[in-house]
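*Asks:* Below is the structure I would like to discuss, written out as structure tokens.
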Amino acid sequence: MSRELRRLASDVEAAYTEPSEHEVRSTARKVGGLLQEIEKLAERIDEQMREKVQALRYAEREYIKAEKDAAKASVTKKPSRFTLEGAIQSWFQR
Numbered sequence: 107m108s109r110e111l112r113r114l115a116s117d118v119e120a121a122y123t124e125p126s127e128h129e130v131r132s133t134a135r136k137v138g139g140l141l142q143e144i145e146k147l148a149e150r151i152d153e154q155m156r157e158k159v160q161a162l163r164y165a166e167r168e169y170i171k172a173e174k175d176a177a178k179a180s181v182t183k184k185p186s187r188f189t190l191e192g193a194i195q196s197w198f199q200r
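Last residue of the sequence shown? That's 200 in this note's numbering, and every number before it is there in order.
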């Protein structure tokens, strides 16, 4: 779209060459300048969005890792079963 607008502004500027049409050429140049400014801003926004995506992906990986670590830590060994033999051995070891 910006290419089409830039081409249109350029065509308008080229079509109006008479000194009395200075305002038309001036306005066409301003439009071209505004388009250039918009493109620069769009590039900056795109770069910022890429940085945010990278940060979110990093946070996602860290969160998943923390979840896995927490799941491993919360898994407990099964308690040993109570047996009479174990109780007697425990009592004699006192």
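Think of the CB as a built atom: it goes at the ideal place given N, C-alpha and C, for glycine as much as any other residue.
Using a Cβ-Cβ cut-off of 6 Å (strictly less than) and excluding sequence neighbours within five positions of E119, which residues of its own chain qualify?
*Replies:* Taking the sequence shown and counting its residues from 1, one reaches residue 119 at position 13. For E119, where only same-chain residues beyond five positions count, the Cβ hits under 6 Å are R131 and A134.
*Asks:* Between K146 and the rest of its own chain, which residues show a CB-CB distance below 8 Å, the 5 nearest in sequence each way excluded?
*Replies:* For the purposes of this step, residue 146 is taken as residue 40 along the sequence shown, with counting starting at 1. Closer than 8 Å at the Cβ level, and outside the excluded window around K146, lies no residue.
*Asks:* How many angstroms separate the CA atom of A161 from the CA atom of A121?
*Replies:* Locating residue 161 in the sequence shown gives position 55, where the first residue counts as 1. Locating residue 121 in the sequence shown gives position 15, where the first residue counts as 1. Distance between the alpha carbons of A161 and A121 is about 49 Å.
*Asks:* Taking the alpha carbon of A115 as the reference point, which residue from V137, T123 and E129 has its own alpha carbon closest?
*Replies:* Numbered from its first residue, the sequence shown carries residue 115 at position 9. When each option's Cα is compared against that of A115, the closest is V137.
*Asks:* Quick check: the Cα distance between K178 and T189, rounded to an integer number of angstroms?
*Replies:* Here residue 178 is taken as the residue at index 72 of the sequence shown, counted from 1. Here residue 189 is taken as the residue at index 83 of the sequence shown, counted from 1. The alpha-carbon atoms of K178 and T189 are separated by roughly 29 Å.
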